[in-house]
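Asks: I have a structure I would like to understand better, so I am pasting it below and will then ask my questions one at a time.
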Amino acid sequence: MGLKKYIELYNKYVRTGEIFKKRFILLKYELGKGTVEKTVSVTAVLDGPERDPRDYCFVTGLHPYEVDMPLEEFFNNIIREKR
2 MGLKKYIELY NKYVRTGEIF KKRFILLKYE LGKGTVEKTV SVTAVLDGPE
52 RDPRDYCFVT GLHPYEVDMP LEEFFNNIIR EKR
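Sequence positions in the sequence shown follow the numbering used here and run 2 to 84.
Below, the structure written as structure tokens:
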């Protein structure tokens, strides 16, 4: 993902707080099933650890437990917003 696209998505979802109000469809690979679509939501966005310049988000719905991932990776895996 290019920096321009990342900034566009960051401004659209994170700066406005919309990332916490919406649900998203992401692709996930599962053994025996292949690639499946998962409906997820974001519960928090945080700065990365000390020397990591990336922001991270906490995602529910991808696994039975909450996971954290770089925000850029989350944006890369979004297929669409859930209506």
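Idealized CB from N, CA, C, for every residue including glycine.
Over the uninterrupted alpha helix (DSSP H) stretch that includes Y30, give me the two end residues.
Replies: Careful: Y30 lies outside any alpha helix (DSSP H), inside the beta strand (DSSP E) at 25-31.
Asks: Since G62 contacts V41 with CB under 8 Å, what's their CB separation in whole angstroms?
Replies: Here G62 really is in contact with V41; their C-beta atoms are around 4 Å apart, less than 8 Å.
Asks: Since I believe E38 is in contact with I26 (beta carbons under 8 Å), could you give me their beta-carbon distance rounded to a whole number of angstroms?
Replies: 5 Å
Asks: Mapping DSSP to helix, strand and coil, what is L47?
Replies: strand
Asks: From this set, L28, K13, C58, R24, which residue's C-alpha is nearest L72's C-alpha?
Replies: Closest in alpha carbon position to L72, among L28, K13, C58, R24, is C58.
Asks: Report, in whole angstroms, the separation of the C-beta atoms of T44 and E67, which I expect to be a contact under 8 Å.
Replies: 7 Å
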